[in-house]
Amino acid sequence: MSPDHLLREWMARIRERALEPLLGLYQPDAILIPTFSNRFLRTAEDRRAYFQRLFDREELGIALHEKTITTQAIGDSMHCLSGVYRWETGIVGNAFAFEARFTFVADLSGPDPILHHHSSRIPRSN
């Protein structure tokens, strides 16, 4: 799997609300610092609960800003992937969209490549 393929697989699983396949991309001890929570998620159970809540939203979409993607090789199979994506979501009839920056650290040698994932809303500029 290439870094680009991992990112596109992750996004497809978000769009499809495919919980089990999405969770399968994360190593058991992966760290998730998510967009829609102020907590560090350190366990598979925490990641499951977070993504289930996200998938329970009425609307959910994600799109990649292609020109923002940066991939850095850390080792033979280790990569750091960062960029910007746009979340589109809604709760109780209120739709909203915003950009978030992301970083994945992944070991692409196995079936569960994500070791670390950080995503945060980009603040509005002053």
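Note that the sequence shown covers residues 2 to 127 in the working numbering. We treat Cβ as the ideally placed atom computed from N, Cα and C, and that holds for glycine. Note that this is a predicted model, so its numbers are computed, not measured.
I'd like to check one pair, residue j with residue i: are the Cβ atoms closer than 8 angstroms?
| i | j | result |
| --- | --- | --- |
| S126 | A101 | no |
| T71 | G91 | no |
| A50 | H117 | no |
Taking C-alpha atoms, which residue in the options lies nearest to residue i?
| i | options | result |
| --- | --- | --- |
| R87 | P4, H6, I15 and E46 | I15 |
| I75 | V106, D5 and R48 | V106 |
| L23 | A45, R40, K68 and S38 | A45 |
| M2 | T69, L55, L26 and R40 | L26 |
| D47 | L20, L8 and D5 | L20 |
| G94 | R58, H80 and C81 | R58 |
DSSP puts residue i in a beta bridge; with which residues?
| i | result |
| --- | --- |
| H66 | H66 pairs with nothing; no bridge assigned. |
| S83 | T71 and T104 |
| F97 | T90 |
| H118 | L33 and F105 |
| L42 | L33 |
Could you name the residues of the same chain whose beta carbon sits closer than 7 angstroms to that of residue i, not counting the 5 residues immediately before and after it, in chain order?
| i | result |
| --- | --- |
| E60 | E89, T90, G91 and A96 |
| T36 | W88, A101, S120, S121 and R122 |
| H80 | P4, T72, Q73, A74, A107 and L109 |
| F56 | R18 and L20 |
Apart from the five residues just before and just after residue i, which ones in its own chain have a Cβ nearer than 8 angstroms to its Cβ?
| i | result |
| --- | --- |
| I153 | Residue 153 is absent from the structure shown; the chain starts at 2 and stops at 127. |
| F99 | R87, W88, R122 and I123 |
| P114 | M2, L7, L26, Q28, A107 and D108 |
Does DSSP put residue i in a helix, in a strand, or in coil?
| i | result |
| --- | --- |
| D47 | helix |
| P29 | strand |
| I123 | coil |
| E60 | strand |
| L109 | coil |
| A19 | coil |
| D77 | coil |
Taking 6 angstroms as the limit between beta carbons, can you name the residues of its chain near residue i, skipping five residues before and five after?
| i | result |
| --- | --- |
| S78 | D108, L109 and S110 |
| I34 | F41 and H119 |
| T104 | S83 and H119 |
| E67 | none |
Return no unless some Cβ of chain C is closer than 8 angstroms to the Cβ of residue i.
| i | result |
| --- | --- |
| D77 | The structure shown contains no chain C, having only a single protein chain. |
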